[in-house]
Amino acid sequence: MNFSPGRRMARGVFGASLTIGIWLLVSFHSQSTFFPPLHRMLGDAWSYWFSSDGLADMRSTLGNLAFGLIDGVILGVLAGLAIGQIRLLSLALTPLIEFVRAIPSVALLPVAIGLMGIGDGMKIAIIAFSILWPVLINTVDGVRHIPGQWLDTARVFHIAGWRRQCLVVIPALMPRILAGINVAIPLSLVIAVTSEMIGTTAGIGSVVLNAQYTFDVERMWSGVLLLGVIGALLSAAFAAVDRVLGKWDGGR
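Numbering (our numbering), first residue to last: 556 to 807.
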């Protein structure tokens with residue numbers, strides 16, 4: 556059964572509100588050290604994450620996430636266009652791509668720190684690296700499945716070079732590029748938080764880890780809840796973009 560975007564949003568808000576209400580009631584009198592009542596987690600979230608320090612940590616995480624996502628998508632699309640359309644390049648690079656993309660991005664964090672230090676540049680680079688692969692693979696696969704009549708029509712009308720890429724190839728690839736980005740978004744958040752937990756003092760991941768070390772359970776859980784909210788908002792925002800750009804795929 557298909558619902559309009561408004562009805563889907565209303566159902567999502569209702570489900571989230573119901574879940575939060577039940578959690579509040581069930582946990583209200585909790586005495587557990589590691590699972591404090593939800594209202595105390597929310598109180599800590601309000602008092603810290605909307606303070607100057609908390610906002611600075613959020614800006615650090617979201618800024619690195621945004622730059623890493625943009626860089627990874629651009630690199631993935633450009634590399635995918637080249638590899639998908641230049642056969643010699645595809646034959647030369649495919650074995651290397653299969654080898655490198657099999658390496659977990661988290662495993663490269665020590666290497667990235669050794670090469671770039673523990674600043675924002677390192678975090679952005681490792682986020683972009685992790686996002687690159689799903690976008691690149693989907694772009695290459697999309698190039699190889701562009702309908703032949705589209706390319707024939709472009710040749711008939713003498714559409715070549717960057718005009719061909721912008722008017723024919725990229726619109727044809729858009730559904731697959733969007734699918735790659737959809738996979739990359741939650742992965743980018745995981746890598747962003749993980750990179751902040753190793754040798755850095757800024758960002759939501761760093762706050763969560765430090766809260767664990769100091770047994771500040773409410774701060775730890777408030778950070779985890781915040782990450783869940785950020786992930787949900789990113790997914791909702793991408794779904795809205797996907798509905799608009801997805802019209803290139805016959806209004807799917």
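Glycine included, C-beta positions come from ideal geometry on N, C-alpha and C.
In the DSSP assignment, ILE736 falls within the alpha helix (DSSP H) that extends over 725 to 751.
PRO591 carries a coil assignment under DSSP once its states are collapsed to helix, strand and coil.
Counting of Cβ neighbours within 10 angstroms places TYR603 among the buried residues, the total reaching 16 or more. Beta-carbon to beta-carbon, LEU744 and LEU620 are separated by about 6 Å, close enough to satisfy the 8 Å threshold. In the three-state reduction of the DSSP assignment, ALA667 falls in the helix class, which pools H, G and I. Counting the other Cβ atoms within 10 Å of the Cβ of GLY635 gives 16 or more, which makes it buried. Across the set THR708, VAL799, VAL762, the C-alpha of VAL799 shows the shortest separation from the C-alpha of MET729. Note that the C-beta distance between PHE684 and SER660 is below 8 Å. Under the three-state reduction of DSSP, ASP675 is assigned to helix. A straight-line Cα-Cα distance of about 19 Å links ALA600 and LEU580.
Note that the segment 755 to 766 does not touch the segment 694 to 703; fewer than 3 beta-carbon pairs, one per stretch, sit closer than 8 Å.
The DSSP-derived three-state label of ASP626 is helix. A check of alpha carbon separations from THR616 across SER750, PHE793, LEU780 identifies SER750 as the nearest. Around the Cβ of VAL784, a 10 Å sphere holds fewer than 16 other Cβ atoms; the residue is exposed. Taking C-alpha positions only, ASP707 is separated from ARG642 by approximately 19 Å.
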